[in-house]
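Residue numbers (the numbering used here): 955 to 1272.
All C-beta atoms in this analysis are idealised placements derived from N, C-alpha and C, irrespective of residue type, glycine included.
Each remark here refers to the structure printed beneath this line.
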Ligand code: A3P
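Shown next, in the form of structure tokens:
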């Protein structure tokens, strides 16, 4: 594996595919008002969302998705080749990016272009990225999961810290041209998410077209589609002999990989780093009941009579 990184704006990038110049050019990218950006922290469902957006654009017709590789349909803005392709593509353009918000094209912030930001349970992102780092040759070998967990929690991985990425982008929530959607919501209700996306994009799809988007964006359909499963990617970039890009496509795979101790360590960092954000994600544990509303665990009525006297002074149970 090649595995050489350079730093840009405090974030690591692999030297194959990216360059300081391509990142500077991405920052200066001439954004058009009808651009649609598919933004994620890596391994959060980028190519899934790209497939959905491609299909919405085609009214559910899979022809475009089956004839043009995904990296040309929605090129990654920050790569040397993706930047060129994004500039050359006809409008309205679909553009993908893993950039943290502080490195994103400046012109976006004064445009009407739209960002769809897909988030995923960071424990699943960790596991997916761990496997991906073994097949994606520009990345360093991840070592053991324990070693990789340490680096991930420190933000010492390409594209930097998951926590900073998500916090940065979610600062835009409430903006008319920003939509955040989670991988878990896509899993639970893909059709509902497609409808939400259509509403955000101002597209009206018939029921049949919606069905076609859902069918063609399934894990099985994408795994079969050579334009979406990266089997056309050169071996020096992606070594699919070591595992597929579309690996499992499920939520909660972290439970098969992290020990209870590793999971608890992750939770501690997560709580610290996400404190005060004010967003509840599908993977967050249910909140504690508000203070004062917790009860002492009142026993069933018949037993209540035996429990005399009650103990109102006892502090509420957590
Ligand atoms: P796993 O490695 O957990 O399987 P990205 O596109 O951001 O690199 O994310 C890749 C992850 O999204 C992989 O996760 C991949 O399998 C999953 N994915 C891609 N398409 C999917 C689909 N149609 N349904 C479910 N998961 C999908």
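Excluding residues up to 5 positions away in sequence, nothing lies with its Cβ nearer than 6 Å to the Cβ of residue 1125 in the same chain. When distances are taken from the beta-carbon of residue 1181 to the heavy atoms of the ligand A3P, even the shortest one reaches 7 Å or more. Taking C-beta atoms under 8 Å as the contact rule, residue 1014 and residue 1164 qualify, at a distance of about 7 Å.
Excluding the 5 residues flanking it on each side, residue 996 has same chain C-beta neighbours closer than 8 Å at 1052, 1079, 1083, 1086, 1112, 1113, in chain order. Distance from the C-beta of residue 962 to the nearest heavy atom of the ligand A3P is not below 7 Å. Counting other Cβ atoms within 10 Å of its Cβ, residue 1021 stays below 16 and is therefore classed as exposed.
Residue 994: member of the beta strand (DSSP E) spanning 990–994, first to last residue.
Ranked by Cα distance from residue 1193, the options 969, 1093, 1065, 979 are led by 1093.
By the C-beta criterion, the segment 1115–1124 is judged not to be in contact with the segment 1135–1151, since fewer than 3 inter-stretch pairs fall below 8 Å.
Judged by beta-carbon spacing, residue 1062 lies beyond the 8 Å limit of residue 990, meaning their Cβ atoms are not closer than that value. Between the segment 957–969 and the segment 1066–1076, the count of C-beta pairs closer than 8 Å stays below three; the two stretches do not touch. Across the set 988, 1179, 1032, the C-alpha of 1032 shows the shortest separation from the C-alpha of residue 979.
Linking residue 973 to residue 1161 through their CA atoms gives a straight-line distance of about 44 Å.
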